[in-house]
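Engineer:
There are 2 protein chains.
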Amino acid sequence: MVKVVTDRDLQDLSLTAIAIEAVERAFREKAAGMLVSPPRHCVAMGDAGDLVFTVGGVTGGAQPVAGFRAYTTFNGERDEQVVALWNPSSGALIGLVTGARLGALRTGAIGGVAIRHMARDDARIVGVIGSGEQAKTQLEAAAAVRPIRHALVYSRNEANRIRFADEMGRRLGISVRPVETSRQAVTESDIVICATSSTLPVLEASWLKPGTHVNTVGPKFVGAHEIAVEVAAAARTIATDSPEQMLAYARPFFLTDTPDMRRIRDLCLLVAENRPVRRQEDITLFCSTGLAGTEVLVAEAILQRCASGIEIER
Amino acid sequence: MVKVVTDRDLQDLSLTAIAIEAVERAFREKAAGMLVSPPRHCVAMGDAGDLVFTVGGVTGGAQPVAGFRAYTTFNGERDEQVVALWNPSSGALIGLVTGARLGALRTGAIGGVAIRHMARDDARIVGVIGSGEQAKTQLEAAAAVRPIRHALVYSRNEANRIRFADEMGRRLGISVRPVETSRQAVTESDIVICATSSTLPVLEASWLKPGTHVNTVGPKFVGAHEIAVEVAAAARTIATDSPEQMLAYARPFFLTDTPDMRRIRDLCLLVAENRPVRRQEDITLFCSTGLAGTEVLVAEAILQRCASGIEIER
Chain A
4 MVKVVTDRDL QDLSLTAIAI EAVERAFREK AAGMLVSPPR HCVAMGDAGD LVFTVGGVTG
64 GAQPVAGFRA YTTFNGERDE QVVALWNPSS GALIGLVTGA RLGALRTGAI GGVAIRHMAR
124 DDARIVGVIG SGEQAKTQLE AAAAVRPIRH ALVYSRNEAN RIRFADEMGR RLGISVRPVE
184 TSRQAVTESD IVICATSSTL PVLEASWLKP GTHVNTVGPK FVGAHEIAVE VAAAARTIAT
244 DSPEQMLAYA RPFFLTDTPD MRRIRDLCLL VAENRPVRRQ EDITLFCSTG LAGTEVLVAE
304 AILQRCASGI EIER
Chain B
4 MVKVVTDRDL QDLSLTAIAI EAVERAFREK AAGMLVSPPR HCVAMGDAGD LVFTVGGVTG
64 GAQPVAGFRA YTTFNGERDE QVVALWNPSS GALIGLVTGA RLGALRTGAI GGVAIRHMAR
124 DDARIVGVIG SGEQAKTQLE AAAAVRPIRH ALVYSRNEAN RIRFADEMGR RLGISVRPVE
184 TSRQAVTESD IVICATSSTL PVLEASWLKP GTHVNTVGPK FVGAHEIAVE VAAAARTIAT
244 DSPEQMLAYA RPFFLTDTPD MRRIRDLCLL VAENRPVRRQ EDITLFCSTG LAGTEVLVAE
304 AILQRCASGI EIER
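And the structure:
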């Protein structure tokens with residue numbers, strides 16, 4: 004039987020912790036040279052947009068798995084992705100996941116692992132810039148790895164930030180307050196999540212208090228980046244989940260030709276070292292690029308644990 | 004709802020004709036410059052083997068569709084593929100197909116279109132070399148486009164050729180006879196299908212009678228090819244379904260550095276011309292490479308017509 008799960012099966016908050024442990028495993032496997040995670044592969048489908056494949060897995064060891072996530076950049080209103088997993092020893096298809104939730108869960112979990120290894124242990128306040136699905140799963144992941152009590156959310160659209168605060172406050176059982184400027188979301192926060200599609204900076208370095216961890220998932224290209232270049236200069240440690248992907252984008256990374264480009268560390272090494280990378284007052288910066296292979300390990304862990312979904316006969 | 008079909012849903016012989024019409028459409032779209040069909044993309048998964056993607060579709064016109072087939076070269080006994088289709092206008096996932104049957108149906112249908120445009124109208128006898136799944140779907144496709152009365156099958160393994168003859172005779176309602184040499188399968192045949200994994204020639208040019216169409220789906224690389232180079236020299240017309248794929252293989256095509264390499268025509272142009280490419284006594288040769296995008300159009304046509312399968316909620 005092949006298990007198939009959809010977005011409807013992936014709503015439970017308990018899946019966040021499962022996703023974070025799966026991504027932590029991916030980073031340990033990467034540090035050990037066991038993770039297959041090539042840069043993503045884009046195929047232009049005429050004027051309609053691209054089909055994009057992130058392929059990866061772990062082929063050695065006791066728990067081999069291989070697969071991919073496919074997503075589209077079509078202009079339509081839907082974002083319907085497909086994740087497929089195989090057991091590379093037998094060739095058997097293990098399962099399929101459709102929809103956008105798994106990708107968002109996994110990107111959130113990458114941020115969660117970065118927070119676990121780069122943010123203050125006692126981080127209690129999170130500032131969130133952005134109010135989309137990715138902002139939600141980033142905040143869920145932060146709350147899963149740190150004792151978060153309070154979040155502040157800024158989004159250009161007032162209705163969106165109010166809705167985000169209401170929904171996430173109830174979902175996480177913490178206080179979430181909408182604020183009227185991005186600066187208000189930042190100045191008191193121990194962790195700042197930037198999850199926008201903005202190509203103009205929404206975060207300035209001067210707003211950050213000492214000890215803040217900045218976690219960014221939005222655009223980070225030269226000429227189109229959601230955080231100011233000075234944020235990197237202010238950070239004692241800068242890490243990314245995939246230096247390979249960072250260098251493989253069609254557009255250069257936003258720190259190209261700055262002294263900070265050379266300081267960027269591979270998060271997998273911080274995970275493997277597993278010791279504090281920071282002094283309490285240090286600012287740290289994580290630049291998420293979406294390490295390939297992580298969605299495969301997250302899907303595998305979730306397919307094992309998810310009670311719902313359907314089984315199809317071969 | 005997203006429709007999911009598996010091998011169990013794709014056994015009916017009536018699907019062969021549907022697949023052939025879908026592939027014929029793919030060739031017409033290709034000739035019109037509307038088919039997206041880049042060479043396949045392989046990702047090595049450590050020592051386990053490769054994950055291979057053939058991506059494609061038609062993004063303009065009244066019936067846009069985009070998607071891919073993913074298959075593996077893992078060493079395990081299973082061949083469990085995934086085909087996924089999107090409507091590129093809305094971004095909606097249309098359906099998923101799992102298993103190996105769709106790929107075999109589509110490769111058979113490519114051969115069927117080649118037979119329709121390259122074999123004698125009155126072809127009645129088919130010689131089949133090989134007895135695997137691909138040999139079966141090639142023969143099914145031949146019988147769908149020509150008035151086939153009789154088939155001769157050769158396979159090195161006697162039990163396999165007897166089983167093939169028994170099964171396919173019943174399935175197609177024609178006489179199918181196992182023979183003891185590949186030559187016996189060839190000398191009287193109007194159409195010769197080579198569907199082996201042999202890297203040594205199983206077909207010699209001197210065995211072919213005038214007017215025969217040769218249709219090959221197995222290896223065709225320099226130093227590893229299932230038909231003799233002289234078969235190409237004997238052919239008045241040589242065509243392939245994807246010159247792009249033929250040139251994109253890691254290993255050179257078996258006719259490289261022969262005068263015949265320059266004579267190879269794109270099957271899509273024969274389809275678009277739709278007039279006889281042969282005199283009755285001509286030998287013709289089709290070299291199948293597996294045009295990308297065809298699986299997407301075949302899957303789309305089959306998902307529309309297939310009565311079984313399941314629907315999953317988004």
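Here the protein sequences come in this chain order: A and B.
Last residue of the first sequence: number 317 in the working numbering, and the count goes up by one each step with no gaps.
Last residue of the second sequence: number 317 in the working numbering, and the count goes up by one each step with no gaps.
Glycine included, each C-beta is placed from N, C-alpha and C at the ideal position.
Going along chain A in order, which residues have a C-beta closer than 7 Å to the C-beta of B:D50?
Structural biologist: Your numbering for residue 50 of chain B matches position 47 in the second sequence. Per Cβ cutoff of 7 Å: T62.
Engineer: Give the residues of chain A in contact with B:A69, contact being defined as C-beta atoms less than 8 Å apart.
Structural biologist: What you label residue 69 of chain B is simply residue 66 of the second sequence in a count that begins at 1. Near B:A69 (Cβ distances below 8 Å), the residues of chain A are M48, A51, L54, T75 and F77.
Engineer: Is the CB of B:G94 under 8 Å away from at least one CB in chain A?
Structural biologist: Taking the second sequence and counting its residues from 1, one reaches residue 94 of chain B at position 91. Yes, contact with chain A.
Engineer: Strictly below 7 Å CB to CB, what residues from chain B border A:G102?
Structural biologist: Translated into the one-based positions of the first sequence, residue 102 of chain A becomes position 99. The contacting residues are R317.
Engineer: Return yes when the Cβ of A:L206 is within less than 8 Å of the Cβ of A:S185, no when it is not.
Structural biologist: Residue mapping note: residue 185 of chain A aligns to position 182 of the first sequence, counting from 1. Residue mapping note: residue 206 of chain A aligns to position 203 of the first sequence, counting from 1. Yes, these two residues count as a Cβ contact at 8 Å.
Engineer: Helix, strand or coil for B:G60? Go by DSSP, reduced to three states.
Structural biologist: Counting from one through the second sequence, the residue named residue 60 of chain B turns up at place 57. Strand at B:G60.
Engineer: Check this for me: beta carbons of B:P42 and A:A51, under 8 Å apart or not?
Structural biologist: Taking the second sequence and counting its residues from 1, the one referred to as residue 42 of chain B is at position 39. Taking the first sequence and counting its residues from 1, the one referred to as residue 51 of chain A is at position 48. The answer is no: Cβ separation not under 8 Å.
Engineer: Between the C-alpha atoms of B:S201 and B:G135, what's the straight-line distance to the nearest angstrom?
Structural biologist: Within the second sequence, the letter at position 198 stands for residue 201 of chain B. Within the second sequence, the letter at position 132 stands for residue 135 of chain B. Distance between the alpha carbons of B:S201 and B:G135 is about 12 Å.
Engineer: Output, in sequence order along the chain, the residues in the stretch 27 to 49 of chain B whose CB is closer than 9 Å to any CB in chain A.
Structural biologist: Against chain A - using a Cβ distance shorter than 9 Å - the residues of the stretch 27 to 49 of chain B are M37, V39, P41, H44, V46, A47, M48 and G49.
Engineer: Are the CB atoms of B:I132 and B:C45 nearer to each other than 8 Å?
Structural biologist: Translated into positions along the second sequence, residue 132 of chain B becomes position 129. Translated into positions along the second sequence, residue 45 of chain B becomes position 42. No, these two residues do not count as a Cβ contact at 8 Å.
Engineer: Chain A partners of B:P222, CB-CB under 8 Å?
Structural biologist: Walking along the second sequence from the start, residue 222 of chain B turns up at place 219. Within chain A, no residue comes near B:P222; the closest Cβ sits about 21 Å away, beyond 8 Å.
Engineer: So for B:R31, helix, strand or coil by DSSP?
Structural biologist: Reading the second sequence from its first residue, position 28 is the one you call residue 31 of chain B. Here B:R31 sits in helix by DSSP.
Engineer: So which residues of chain A does B:E80 contact, with C-beta pairs closer than 8 Å?
Structural biologist: As a first step, residue 80 of chain B must be located in the second sequence, where it is residue number 77. Ordered by position in chain A, the residues that pass the 8 Å Cβ test against B:E80 are S93 and G94.
Engineer: If I follow the unbroken beta strand (DSSP E) through A:G98, where does it start and stop?
Structural biologist: By 1-based counting over the first sequence, the position of residue 98 of chain A is 95. Segment L96 to T101, the beta strand (DSSP E) holding A:G98.
Engineer: So the candidates are B:G106, B:R149 and B:A227; which of them puts its Cα closest to the Cα of B:L203?
Structural biologist: Within the second sequence, the letter at position 200 stands for residue 203 of chain B. When each option's Cα is compared against that of B:L203, the closest is B:A227.
Engineer: Between B:D3 and chain A, is the shortest Cβ-Cβ distance under 8 Å, so that the two count as touching?
Structural biologist: One cannot answer for residue 3 of chain B here, as it falls past the ends of chain B, which runs 4 to 317.
Engineer: Name, going along the chain, the residues of the stretch 290 to 313 of chain B whose beta-carbon falls closer than 8 Å to a beta-carbon of chain A.
Structural biologist: Hits within the stretch, in order: I313.
Engineer: What first and last residue would you give for the alpha helix (DSSP H) that runs through A:K212?
Structural biologist: Counting from 1 along the first sequence, the entry for residue 212 of chain A is found at position 209. Note, A:K212: premise wrong, no alpha helix (DSSP H); not H, not E.
Engineer: Hey, is A:A231's beta-carbon within less than 8 Å of any beta-carbon in chain B?
Structural biologist: The sequence position of residue 231 of chain A within the first sequence is 228, counting from 1. A:A231 does not count as touching chain B.
Engineer: Under 9 Å Cβ-Cβ, which residues of chain A neighbour B:V274?
Structural biologist: By one-based count along the second sequence, residue 274 of chain B stands at place 271. Simply none; closest approach about 20 Å.
Engineer: Can you tell me the Cβ-Cβ gap for B:G312 and B:V61, rounded? I've got them flagged as a contact below 8 Å.
Structural biologist: Counting from one through the second sequence, the residue named residue 312 of chain B turns up at place 309. Counting from one through the second sequence, the residue named residue 61 of chain B turns up at place 58. Wrong, their Cβ atoms sit about 23 Å apart, outside the cutoff.
Engineer: Between B:W210 and chain A, is any beta-carbon pair separated by less than 8 Å?
Structural biologist: Within the second sequence, residue 210 of chain B is the residue found at index 207, counting from 1. Not closer than 8 Å to any Cβ of chain A, the Cβ of B:W210 fails to qualify, so no.
Engineer: Could you tell me if A:S192 is buried or exposed, where buried requires 16 or more neighbouring beta carbons within 10 angstroms of its beta carbon?
Structural biologist: Sequence index remark: in the first sequence, residue 192 of chain A carries index 189 (1-based). Counting Cβ neighbours within 10 Å, A:S192 comes out buried, since at least 16 surround it.
Engineer: Whose Cβ in chain A lies nearer than 7 Å to the Cβ of B:V7?
Structural biologist: Translated into positions along the second sequence, residue 7 of chain B becomes position 4. Going along chain A in sequence order, the residues near B:V7 (Cβ under 7 Å) are V7 and I315.
Engineer: Less than 8 Å between CB atoms is the rule here; does B:A251 satisfy it with respect to chain A?
Structural biologist: As a first step, residue 251 of chain B is located in the second sequence; it is residue number 248 there, counting from the start. With 8 Å as the cut-off, B:A251 does not count as an interface residue toward chain A.
Engineer: Short of 7 Å in beta carbon distance, which residues of its chain neighbour A:G172, apart from the five on each side in sequence? Order them along the chain.
Structural biologist: Residue numbering aside, residue 172 of chain A sits at position 169 when the first sequence is read from its first letter. Taken in chain order, the residues that qualify are S178 and V179.
Engineer: Three or more beta-carbon pairs under 8 Å between the stretch 251 to 262 of chain B and the stretch 220 to 234 of chain B, yes or no?
Structural biologist: Contact holds: three or more Cβ-Cβ distances are below 8 Å.
Engineer: Could you give the residue range of the alpha helix (DSSP H) that holds A:L270?
Structural biologist: Taking the first sequence and counting its residues from 1, the one referred to as residue 270 of chain A is at position 267. Element bounds for A:L270: L270 to E276.
Engineer: Quick check on the burial criterion: 16 or more other C-beta atoms within 10 angstroms. Buried or exposed for A:D244?
Structural biologist: In the first sequence, counting from the first residue as 1, residue 244 of chain A sits at position 241. Burial call: buried.
Engineer: Please determine if the stretch 261 to 279 of chain A and the stretch 94 to 107 of chain A are in contact, where contact requires at least 3 C-beta pairs separated by less than 8 Å.
Structural biologist: Output reads no: the stretch 94 to 107 of chain A does not touch the stretch 261 to 279 of chain A.
Engineer: Closest Cβ-Cβ distance between A:E136 and chain B: below 8 Å?
Structural biologist: For the purposes of this step, residue 136 of chain A is identified with residue 133 of the first sequence, where counting begins at 1. Chain B, which has no Cβ nearer than 8 Å to the Cβ of A:E136, makes this no.
Engineer: Which of helix, strand or coil does DSSP assign to B:E161?
Structural biologist: Taking the first residue of the second sequence as position 1, residue 161 of chain B is located at position 158. In this structure, B:E161 counts as helix in the three-state DSSP scheme.
Engineer: For the stretch 107 to 126 of chain A against the stretch 274 to 289 of chain A, do three or more pairs of beta-carbon atoms, one drawn from each stretch, fall closer than 8 Å, so that the two count as touching?
Structural biologist: Segments in contact, yes.
Engineer: If the cut is a Cβ gap below 7 Å, which residues of chain B does A:A87 touch?
Structural biologist: Indexing the first sequence from 1 puts residue 87 of chain A at position 84. Within 7 Å Cβ-Cβ: A73 and V85.
Engineer: Buried or exposed for A:N218, going by 16 or more other Cβ atoms inside 10 Å?
Structural biologist: Position 215 of the first sequence, counted from the first residue, corresponds to residue 218 of chain A. By the neighbour-count rule (16 or more Cβ atoms within 10 Å), A:N218 is buried.
Engineer: May I ask you to list, following chain order, the residues of the stretch 98 to 129 of chain B that have a beta carbon less than 7 Å from some beta carbon of chain A?
Structural biologist: Those residues of the stretch 98 to 129 of chain B that come within reach of chain A (Cβ to Cβ, closer than 7 Å) are L99, T101 and G102.
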